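Take the working numbering: the final residue in the first sequence is number 589, and no numbers are missing along the way. In what follows, a structure is listed as structure tokens, so that the remarks can point back to it.
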Amino acid sequence: MSFEGRLAGAVRDAVKKVYDLELDTVHVERPNDPEHGDFATNVALANARVFRRNPREVAENLVGALDAPYVREAGVAGPGFVNFRLADEVLCAEIGALLEAGDRYGLKEPEGRPFMLEYVSANPTGPMHVGHGRQAAYGDSLARILEAAGRPVYREYYFNDGGNQIRILGESVAVQYAGIYEKGWPVADPGALYPGEYVREIAQALADERGEAYLGMPSEKALPEIQAFATRWCMDDIERTLARVRVRFDNFFNEKDLYESGEIEALISELEKSGHVYESDGALWLDSSKLGDDKDRVLRKQDGSYTYMAPDVAYHRNKHERGFATAVDVLGADHAGYPPRIRAGLLALGLPEDFYEVELVRLVKLVREGEQVKFSRRAGNVVTLDELLDEVGEDVARYFYVRSSHKSEINFDLELAVNQSDENPVFYVQYAHARISSIFERAGTAPEDVGNVPAGGLAAEERQLVLELLDFPRVVENAGARREAHPIPTYLETLAHRFHQFYTVHRVLVDDADLRARRLALCAATKAVLRTGLDLVGVAAPEKM
RNA sequence: GCGCCCGUAGCUCAAUUGGAUAGAGCAGCGGACUUCUAAUCCGCAGGUUGCAGGUUCGAGUCCUGCCGGGCGCGCCA
């Protein structure tokens, strides 16, 4: 159990003893200023109204009644904080426990019903761009963090391979394909075609594989096959890029399957039975305005085809039927209008309100030499994720993406990113790891071979390092509870800083056997936590740099 | 116009969800390598946390109103 937890319990006991009161929450935290001790609590202040006494007096009494042998010193400070300092021997023992857990330190065993995390789900109509990269990095890191925090996660990617945009992709490829043979291909709206270079690549791949086969065919027959080919090509391309950035999925779900399995028809008839749909102007509507949405939404258009809402609701219902406790979607902020209508659909079906949740990821603003670049697939000036990876590398990209809160917009200056990649904070963290590897290499032992931690006094830098290490489980747990990834990089940078400070002042490989063993233990512990933390954000922990 | 989100050092971002003197990294200036990796460390400078009120022992954090920015408000996806 964490020291925060243990101290909170001890304080609660003291309150009970002195004032005969049961407090439900006792907040214990690490003060910013190390002078204030290793841990502190504000109970006397926070509950001033309950105690009806001077907070300092309350704090004094609690210190007097405190029963916590691992605390070396407790005192009252400021307006009524209680500060605790732990015994060095206790901290050494704690490092021993950390080493025993090794790479599993701070991680809980997943238990309970899994919940589904859906992320990226970029349409298979072209390569992933830098915005998708952010969703991929956040989604994958979040999945890792949630699992580390003890919540089993099933990761899914939803391929929208059934909509209108696939037809446009097919036509775009068909035109280029015909062009290879210096032929034309009739299309209704040439302005709607996708302009990207990749369309040519797909066309070429199609020509290489099938030759002129589709030129002699009527387009009603050829187009579906070309669409299928192009969609498959894009999916493969996306999956390849995802693998490159170490973003993993348990399943890729195809929208098409919902049509083929009859789930959409089933959904519609069930909604009709629910009494939440009505016909108007020849279309079928959901009365979503009664279910939390701004207005009613069309499910089936006048022409008899479905809006995207129908398969999307069917898909989320499908998730529920597969037995997931919760479905969390990671979406781009430009899809902010989407959750209310999905939720409305699910409510109409009688699903529990808390089944469906959403995390919106802000967009990536692309900046070039100080000026914002407007990019869109239509304009054909998209910067692909692959291009970014080619320039800055996978580690830098992943780290940069999750370093700031997914809720705030980030500016991505490509030139600057390349220029600054040498000074990127990810190297700062990785360097600490590599330095430790180097020490063990010099010492001729491995981190796993570090045995008992000889108890002894700790220097200021060592104390700070130990306290930071022991904070890791709390950071993971909080990040998971809040569904945030960025606290991990923040933590890693602080930890790396503590280590670099320690390293600068103290030599590890000294003659004194106990001191050497204790410092090697600190290094092994730091190495384990750095590696675990880096893995949570999908970044490598190099042995050498 | 309505709804949701965001305004923190010159720049990019944190801040243990209400705690003590708001912190890092870049950029700037000045120091530290005969010793385990200087991709490091130490110091200096940089702020009315968009503005104005309010809540309380205490506010970057919560409430109200402004100002500025983003996104959403299709029988598009």
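The beta-carbon is built from N, C-alpha and C at its ideal position, and this holds for glycine as well. Keep in mind it's a predicted model, so treat the numbers as computed, not measured.
Give the C-beta separation of G331 and Q346 to the nearest angstrom, bearing in mind that I take them to be a contact with Cβ-Cβ under 8 Å. What you label residue 331 is simply residue 287 of the first sequence in a count that begins at 1. What you label residue 346 is simply residue 302 of the first sequence in a count that begins at 1. For the record, residue 331 in the displayed sequence is Asp; it is not Gly. In fact, because the Cβ distance is near 18 Å, the residues do not count as touching under 8 Å.
Which residue marks the beginning of the alpha helix (DSSP H) containing F444, and which one marks its end? Here residue 444 is taken as the residue at index 400 of the first sequence, counted from 1. According to the DSSP assignment, F444 belongs to the alpha helix (DSSP H) that extends over E438 to R447.
Note down the Cα distance separating N167 from G207, rounded to an integer number of angstroms. Your numbering for residue 167 matches position 123 in the first sequence. Your numbering for residue 207 matches position 163 in the first sequence. Cα to Cα, the separation comes out at about 10 Å.
Using the three-state DSSP reduction, which class does M589 fall into: helix, strand or coil? In the first sequence, residue 589 corresponds to position 545, counting from 1. When DSSP states are grouped into helix, strand and coil, M589 belongs to the coil group.
Candidates G119, F95 and Y114: which alpha carbon is nearest A84's? Numbered from 1 along the first sequence, position 40 holds the residue referred to as residue 84. Put simply, of G119, F95 and Y114 the residue whose alpha carbon is nearest the alpha carbon of A84 is G119.
With a threshold of 8 Å, are at least 3 pairs of Cβ atoms found where one atom belongs to the segment 436–454 and the other to the segment 503–522? no
Count the other CB atoms, across all protein chains shown, that sit within 10 Å of the CB of E506; report buried if there are 16 or more and exposed otherwise. On the first sequence, position 462 is the one that residue 506 refers to. Classification for E506: buried.
Got a sec? Which residues, its chain only, sit under 6 Å from D132 by beta carbon, not counting five neighbours each side? For the purposes of this step, residue 132 is taken as residue 88 along the first sequence, with counting starting at 1. Excluding positions up to five away in sequence, the list reads G501 and L502.
Flag this pair as touching only if the segment 568–580 and the segment 143–157 have three or more C-beta atom pairs under 8 Å; answer yes or no. yes
Can you give the Cα-Cα distance for A236 and D338, rounded to whole angstroms? On the first sequence, residue 236 is found 192 positions in, with the first residue counted as 1. On the first sequence, residue 338 is found 294 positions in, with the first residue counted as 1. In a straight line, the C-alpha of A236 is about 30 Å away from that of D338.
Taking the runs of the alpha helix (DSSP H) that are 4 residues or longer, which of them lie wholly in the segment 476–520? 504–514
So who's on the other strand from R563, going by DSSP bridges? By 1-based counting over the first sequence, the position of residue 563 is 519. Bridge partners of R563: none, in fact.
Within the continuous alpha helix (DSSP H) that includes W277, where are the two ends? For the purposes of this step, residue 277 is taken as the residue at position 233 of the first sequence. Unbroken alpha helix (DSSP H) run through W277: S263 to R288.
Can you tell me whether DSSP reads L130 as helix, strand or coil? Here residue 130 refers to the residue found at position 86 when the first sequence is read from its first residue. In this structure, L130 counts as strand in the three-state DSSP scheme.
In the DSSP output, which residue or residues are listed as bridge partners for Y472? If you number the first sequence from 1, residue 472 lands on position 428. Looking at the DSSP assignment, Y472 forms no beta bridge with any residue, so it has no partner.
I'd like to check one pair, A529 with H477: are the Cβ atoms closer than 8 Å? As a working note, residue 477 is residue 433 in the first sequence. As a working note, residue 529 is residue 485 in the first sequence. No, Cβ-Cβ distance for H477 and A529 is not below 8 Å.
Y400 - containing beta strand (DSSP E), residue span: For the purposes of this step, residue 400 is taken as the residue at position 356 of the first sequence. Segment Y400 to V405, the beta strand (DSSP E) holding Y400.
Exposed or buried, what is H379 when buried is set at 16 or more other beta-carbons lying within 10 Å of its beta-carbon? On the first sequence, residue 379 is found 335 positions in, with the first residue counted as 1. Exposed, by the Cβ-count rule.
Span of the beta strand (DSSP E) holding D457? Along the first sequence, read from residue 1 onward, the residue named residue 457 stands at position 413. Per DSSP, D457 belongs to the beta strand (DSSP E) from I454 to D457.
Stretch-stretch touch, CB-based, cutoff 8 Å, three pairs: the segment 560–574 with the segment 483–494: yes
Name the two residues that bound the continuous alpha helix (DSSP H) containing E245. Position 201 of the first sequence, counted from the start, is the residue given in the question as residue 245. From DSSP, the alpha helix (DSSP H) with E245 extends over E241 to R254.
Hey, is the segment 252–265 in contact with the segment 296–308, meaning 3+ C-beta pairs nearer than 8 Å? no
Count the other C-beta atoms from every protein chain shown that fall within 10 angstroms of the C-beta of H173, then say buried if there are 16 or more, exposed otherwise. Taking the first residue of the first sequence as position 1, residue 173 is located at position 129. Per the 10 Å Cβ criterion, buried.
Residue closest to L67, alpha-carbon to alpha-carbon, out of V520, A92, I532 and H364: Reading the first sequence from its first residue, position 23 is the one you call residue 67. When only C-alpha atoms are compared, the closest one is A92.
State the start and end residues of the unbroken alpha helix (DSSP H) segment that holds N295. For this step, residue 295 is matched to residue 251 along the first sequence. Note, N295: premise wrong, no alpha helix (DSSP H); beta strand (DSSP E) at N295 to N298.
Helix, strand or coil for E323? Go by DSSP, reduced to three states. Your numbering for residue 323 matches position 279 in the first sequence. Reduced to three states, the DSSP call for E323 is strand.
Could you spell out the range, first to last residue, of the alpha helix (DSSP H) harbouring L213? Start at 1 with the first residue of the first sequence, and residue 213 comes out as number 169. Where L213 is concerned, the enclosing alpha helix (DSSP H) stretches over N208 to I224.
Three or more C-beta pairs below 8 Å linking the segment 264–282 and the segment 152–169: yes
For the candidate residues V231, R157 and A192, whose alpha-carbon lies nearest to that of R518? Residue mapping note: residue 518 aligns to position 474 of the first sequence, counting from 1. Considering only alpha carbons, the answer is A192.
Who are the Cβ neighbours of P78 in its own chain at under 7 Å, not counting the five residues just before and after it? Translated into positions along the first sequence, residue 78 becomes position 34. Taken in chain order, the residues that qualify are Q508.
Please tell me whether V408 and G175 are closer than 8 Å, where the distance is taken between their beta carbons. Your numbering for residue 408 matches position 364 in the first sequence. Your numbering for residue 175 matches position 131 in the first sequence. Yes. Within cutoff.
Could you tell me the boundaries of the beta strand (DSSP E) in which F83 lies? Position 39 of the first sequence holds residue 83. For F83, the uninterrupted beta strand (DSSP E) segment begins and ends at F83 to T85.
Residues bridged to Y63 by DSSP? On the first sequence, residue 63 is found 19 positions in, with the first residue counted as 1. Y63 pairs with nothing; no bridge assigned.
Do L432 and L404 have their C-beta atoms within less than 8 Å of each other? Sequence index remark: in the first sequence, residue 432 carries index 388 (1-based). Sequence index remark: in the first sequence, residue 404 carries index 360 (1-based). The beta carbons of L432 and L404 sit no closer together than 8 Å.
Whole runs of the beta strand (DSSP E) within the segment 118–183, excluding any shorter than 3 residues: 125–130 and 159–162
Have a look at E138 and S185 and give me their C-alpha separation to the nearest angstrom. Here residue 138 refers to the residue found at position 94 of the first sequence. Here residue 185 refers to the residue found at position 141 of the first sequence. Taking the straight line from one Cα to the other gives about 28 Å.
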